[in-house]
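Beneath this line is the structure, given in C-alpha cells, with notes to follow.
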Amino acid sequence: MVKVITYGTYDLLHYGHINLLKNAKALGDYLIVGVTAEDFDRARGKINVKQSLAERIEAVRATGIADEIIVEEYEGQKIDDIKRYGVDIFTVGSDWEGKFDYLKEYCKVVYLKRTEGVSSTELRAKLKPLKIGFVGTAPYIKKFINETKFVAGLTPVGICTGGEKLPDSLKGFSTTKNYEEFLNEVDAVYIASQPKKREKQIRLAIERGKHVLCESPVALDKNVCEELFDLAEKKGVTLTESIKTAYSMAYYRLLLMAKSGKIGKIVSVDATCTSLKDFNVSDAESEPKSIYEWGPNALLAVFQLLGTDYRSKSMAVAFLDEKNRVDAFTDIRFVYDGAVANVKVGRGVKSEGELIVSGTKGYIYVPAPWWKTEYFEIRFEDPAENKRFFFQLDGEGIRYELVSFVKQAESKKNFSYVEKKVSVAIAEIAQHFEEGVDVVKINI
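With the numbering used here applied, the sequence shown corresponds to residues 83 to 526, in that order.
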C-alpha cells in the first residue's frame, strides 16, 4: 500500500482544494490529510482564517477523498507524521515549490499543479468588507488603526472625536465630531472614549444596527452592562469588550493549563499592572483612572481563573483627586470559597507587573509585562519538573482581537474571548468604585 500525505488549512473549501486532494489521492492507495490548527496558523502569521478547525475538518471529510484526517499543530510535525504513519509520498501545491525539499530525506516529495483562478485568500477578499470607525481620542486608537491592515475584511473609515481634544498621535487621520452622522458611514465602531460616555455611544450604535467593540469597562453599572449585551443580541449585532490580553496566545494557554489541573487546585491569583504617568489634576474629569486603564486586565485574569462568584471583596484606594475619584493606586482583594485573589493597579505607583497563579501542586509565573507576554513558566517544588512555554504575539494581540470581532460580525456567532459574565463583573467593580462601595481611602 502506497501512503500519501498532504497538508492545508482548507478554509472556505473550494474546487481548487478538491482538485488537489483528488490528485494527491491518485498518487497512491491511502490519503492522509493534515488540517492545520488555529494556533499553528496563527504562529505562522495566517490569522484571517474564517472557519473553525472543526468546520474545516468536516468540510474535508465531506469530500469523501481523505482516508484519514489528522491535525497539524506544531512546526516540524510533518517529519514526525511521515515516520509515524509510514508515509511514502508527501505532496502539496506547486506554489510551495522547493519549500519542502528537506522532506526528501524521509519520503518522495511531489509538488502538484495548483488550480488557477481560485484561492481562499481571493474568496475572503471578495467578502463585503466591514467598515469600522473609531470613537474617542485615546492615543492607542492609532495602534488599532495600524493593525487593521493585517485583518482581511476590515476597512478603517475615520475617527469621531465627540468633541474631545485630539492628541498629536492621531493628527492626520480623518476626523469628525458628530457621532450620529458618523454612524451613517460605518458598519461597526471601536469605542475608546471616556468611560462615562460609552453607554450612550454603545446604545446608539446598537440601535442603528452597528457592531460594537468597546474598551473596558463597557459600562459603569452592572445592570446597564447586562442591558447593553441583551440589546445587542436582540438587534442581531455583536457587542465585544476589548481587552487585548485575552487574545494573547500565552495567556490563553496558561488559562487552559491552570483550569486543567496542571498546578492542582487554584487557591490564589495575584495580578499587578502599573505604570508611571503624569496626572493632569486640573482636567481630572477626563483623566484616565488607574482602575479603568489597568483594572480590566488584572480583573480579567481573576475572573477567568476563579470565576465571578466571589464571596467578598475590598478596595483600598489612593485618590489623587477626591472630587472626581481619580486614583493613583487601587488594591482589590477578593475572597472565594477555597481561594483568594489580589489585584494591584496604578498610574502613580510602580510595581513589578507580574501574574502569579498559585495551586496545590505548583504555580504559574508570568513575568512583566504579563498582559502582553509571549512566555510563562509552570514551577513545582522540584525545579527539575519546571516547564517553560513560548508563544508568538504579534501586534500586542490587537490583530487577533480584530479578527475575532470580524468573525463575530460576519457569522452572528460569539467568538469573544471575554465572556459576558466577565464583562458584567468588571462593570460591577467599576460601579462600586464610583459609588464608594467597599472602598477604603489610603494615603501614600
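Where is the CB? At the ideal position from N, CA and C, for every residue including glycine.
- About 4 Å separates the Cβ atoms of residue 329 and residue 479, confirming a contact at the 8 Å cut-off.
- Within the same chain, and ignoring the five residues on either side of residue 220 in sequence, the residues whose Cβ sits closer than 6 Å to its Cβ are 274.
- Here residue 458 is buried, its C-beta having at least 16 other C-beta atoms within 10 Å.
- For residue 464, the number of other beta carbons within 10 angstroms of its own is below 16, and it is reported as exposed.
- Residue environment: residue 404 is assigned as exposed (fewer than 16 neighbouring CB atoms within 10 Å of its CB, all protein chains considered).
- No Cβ-Cβ contact shorter than 7 Å links residue 352 with residue 468.
- When DSSP states are grouped into helix, strand and coil, residue 242 belongs to the strand group.
- The segment 379 to 393 makes contact with the segment 414 to 421: 3 or more CB pairs, one atom from each, lie closer than 8 Å.
- The segment 311 to 322 and the segment 284 to 293 touch, with no fewer than 3 CB-CB distances between them shorter than 8 Å.
- Shown here for residue 112: same chain residues with a beta carbon closer than 6 Å to its own, the five before and five after excluded, namely 83, 85, 149 in chain order.
- Annotation: residue 298 to residue 197 spans about 46 Å, alpha carbon to alpha carbon.
- In the structure shown, the three-state DSSP call for residue 485 is helix.
- Counted as a single uninterrupted DSSP element, the beta strand (DSSP E) harbouring residue 293 occupies residues 293 to 297.
- Residue 260 sits exposed, since fewer than 16 C-beta atoms from the chains shown fall within 10 Å of its C-beta.
- Taken in chain order, the complete beta strand (DSSP E) segments of 3 residues or longer contained in the segment 315 to 374 are 321 to 324, 348 to 356.
- By the criterion of at least three beta-carbon pairs nearer than 8 Å, the segment 341 to 356 is in contact with the segment 440 to 452.
- Counting only runs that start and end inside the segment 437 to 525, the beta strand (DSSP E) elements of at least 3 residues fall at 437 to 441, 444 to 448, 457 to 462, 469 to 472, 521 to 523.
- Spatial neighbours of residue 285 in its own chain (CB-CB distance under 8 Å, excluding positions within 5 residues in sequence) are listed in chain order as 310, 313.
- Look at the beta carbons and you see the segment 315 to 324 touching the segment 493 to 511: at least three pairs across the two are nearer than 8 Å.
- Between residue 327 and residue 432, the beta carbon gap of about 19 Å keeps them out of contact (Cβ cut-off 8 Å).
- Around the C-beta of residue 333, 16 or more other C-beta atoms lie within 10 Å, and the residue is accordingly described as buried.
- A direct Cα-to-Cα measurement between residue 177 and residue 102 gives close to 12 Å.
- The beta strand (DSSP E) runs lying completely inside the segment 131 to 160 and spanning 3 residues or more are 150 to 154, given in chain order.
- Beta-bridge annotation (DSSP): residue 274 is not paired with any residue.
- Distances from the alpha-carbon of residue 170 to those of 296, 191, 411, 183 put 191 closest.
- Nearest C-alpha to residue 164 among 116, 130, 131: 116.
- Taking 8 Å as the upper bound for CB-CB distance, residue 430 and residue 450 are not in contact here, some 18 Å apart.
- Ranked by Cα distance from residue 255, the options 400, 189, 223 are led by 223.
- Counting only residues of its own chain and dropping the five nearest sequence neighbours on each side, residue 185 has a CB closer than 6 Å to the CB of 172, 191.
- Under the DSSP definition of a beta bridge, residue 424 partners with 352, 415.
- Between residue 505 and residue 307 the beta-carbon gap is near 6 Å, inside 8 Å, which marks them as a contact.
- In the structure shown, residue 127 falls within a coil segment according to DSSP collapsed to helix, strand and coil.
- Closest option to residue 408, judged by alpha-carbon separation, among 391, 370, 376, 395: 370.
- The Cβ neighbour count for residue 158, taken over all protein chains shown within 10 Å, is under 16; the residue is labelled exposed.
- If you check the CB distance, residue 302 and residue 516 come in under 7 Å.
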